[in-house]
Amino acid sequence: AALIEEINQHTATTAPEVEAFRIKYLGSKNILKPLMGEMRNIPNEEKRAFGQLVNKAKQTAQDKFDALQAATAEQAGAVAGTGLDLTAPAEALPLGSRHPIALTMRRIISIFGRIGFTVAEGPEIEDDWHNFSAMNTPEDHPARDMQDTFYVGENMPAGPKNTDMLLRTHTSSVQARTMENEPPPIRIIAPGRVYRNETISARSHAQFHQVEGLYVAEKVSFADMKATLLHFAREMYGDQTKIRLRPSYFPFTEPSAEMDIWWGLETEHDYRITKGTGWLEILGCGMVDPQVLINCGIDPEIYSGYAFGMGIERQAMLLYNITDIRLMFENDVRFLRQFSSVL
Ligand code: PHE
């Protein structure tokens, strides 16, 4: 009877303790077995009661064991009776990765975000007005040839505002939309996809990405633009980064410039990507042409501004040593997976 009590009081909790319990009371050399051997020493009239007690002890041990086992298994995560073990190691989830263009764009957005630029957007299927005419590039303007355009069917008869639809050739269309819709001060960047009818090669593609920037307020100067762009270049490429502004031409800025960053000429990749000069052009910029302000309803006597537009693919290629732009749009997982550790 004391033994039955002992079995009932048993407090095995861990799996090894439960196993020890099993060996002691139920194993092939369990301590109940010798009791059966005692039987012959028991007086006849007590044999029956003794046998019952021993059987009861056995049964108690079995019941206790079942209970202990269920309890510890549950504790370990197994759901009793289901064959499920919630603590079993899970199969690895196939994690995705960010696209190098997205990674590059996020960095650019965050750099400008920290100095007060907010993100603006516009449609990829754009009308002629916002892509060209408002940006001081009327129909007969030779600068239209700078960007081979995908038109998506002619629309309305040309009124004061040509409404032909096209795939935007640059994110500068978002400049026009923003200035039409909100009064200065305006400080925005506009990241997005653009399209040009170009032959696809390792260096150029018919679709690519830009980040536009626009700052319009009172007394905005070329020096403001230069300082902002230098700050950007150093945040993006390191605080020793040198920049150079070369005079250029865009219909919507005056004066206009192109900005190069000094990339150096240390590796084969540097040679290829900088065409052997060490300088790499990353953006076009300039002071917003007063005519553009007028086209968008802003008084150039009060306000001035600067704008810039940068290509993303080339910067991504620089940052991640990518030698062929076409890789960006093929979505080969062997390419994409290489960015899985990049935040
Ligand atoms: N839109 C120009 C391009 O795509 C870049 C640019 C933007 C230049 C803003 C000046 C100002 O080449």
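So the sequence shown is numbered by UniProt numbering: it starts at 10 and just counts up by one. Just so you know, even glycine gets a beta-carbon here, dropped at the ideal spot from N, CA and C.
What three-state label does DSSP hand residue i in the structure shown?
i: Ile209; result: coil
i: Thr187; result: helix
i: Thr332; result: coil
i: Arg123; result: coil
i: Trp138; result: helix
i: Ser350; result: coil
i: Leu95; result: coil
i: Val203; result: strand
i: Tyr160; result: strand
i: Gly46; result: helix
i: Ile40; result: coil
i: Gly105; result: coil
i: Ala21; result: coil
i: Glu54; result: helix
i: Ala152; result: helix
i: Phe261; result: coil
i: Val229; result: coil
i: Leu35; result: coil
i: Met174; result: strand
i: Leu296; result: It is Met, not Leu, that sits at residue 296 in the sequence shown. Reduced to three states, the DSSP call for Met296 is strand.
i: Met319; result: strand
i: Gly314; result: strand
i: His240; result: helix
i: Asp341; result: coil
i: Thr69; result: helix
i: Thr113; result: helix
i: Asn145; result: coil
i: Thr81; result: helix
What residues match up with residue i in a beta bridge as DSSP calls it?
i: Pro256; result: Ala266
i: Cys305; result: DSSP lists no partner for Cys305.
i: Ile198; result: Val128, Gly222
i: Met288; result: Here residue 288 turns out to be Trp, not Met, going by the sequence shown. Looking at the DSSP assignment, Trp288 forms a beta bridge with Trp271.
i: Gln216; result: Tyr204
Compute the beta-carbon to beta-carbon distance between residue i and residue j, rounded to the nearest angstrom, for a pair I have assumed lies under 8 Å.
i: Asp233; j: Ile252; result: Wrong, their Cβ atoms sit about 15 Å apart, outside the cutoff.
i: Gly318; j: Thr180; result: 6 Å
i: His214; j: Ile334; result: 5 Å
i: Ile282; j: Leu274; result: Actually they do not touch by this definition, with Cβ atoms about 10 Å apart.
i: Leu176; j: Ile110; result: Between Ile110 and Leu176 the Cβ distance is about 18 Å, and since that is not below 8 Å, they are no contact.
i: Asp157; j: Arg205; result: 5 Å
i: Val351; j: Leu112; result: 6 Å
i: Ile331; j: Pro200; result: About 19 Å; that fails the 8 Å criterion.
i: Arg186; j: Gly131; result: 5 Å
Is the distance from the Cβ of residue i to the Cβ of residue j below 8 Å?
i: Gly293; j: Trp271; result: no
i: Leu77; j: Phe30; result: yes
i: Met245; j: Arg116; result: yes
i: Thr23; j: Thr91; result: no
i: Val297; j: Tyr280; result: no
i: Leu35; j: Val63; result: no
i: Ser182; j: His139; result: yes
i: Ala236; j: Leu254; result: no
i: Phe348; j: Gln216; result: no
i: Glu198; j: Phe121; result: Reading off the sequence shown, one finds Ile at residue 198, where the question assumed Glu. Contact flag set, yes.
i: Leu102; j: Ala66; result: no
i: Arg243; j: Ile291; result: no
i: Lys38; j: Met48; result: no
Q) With contact counted as at least three CB pairs below 8 Å, one residue from each stretch, are the region 209-220 and the region 188-197 in contact? A) no
Q) Is there contact between the region 69-77 and the region 309-326, where contact requires at least three CB pairs shorter than 8 Å? A) no
Q) Are three or more beta carbon pairs between the region 248-264 and the region 129-148 nearer than 8 Å? A) yes
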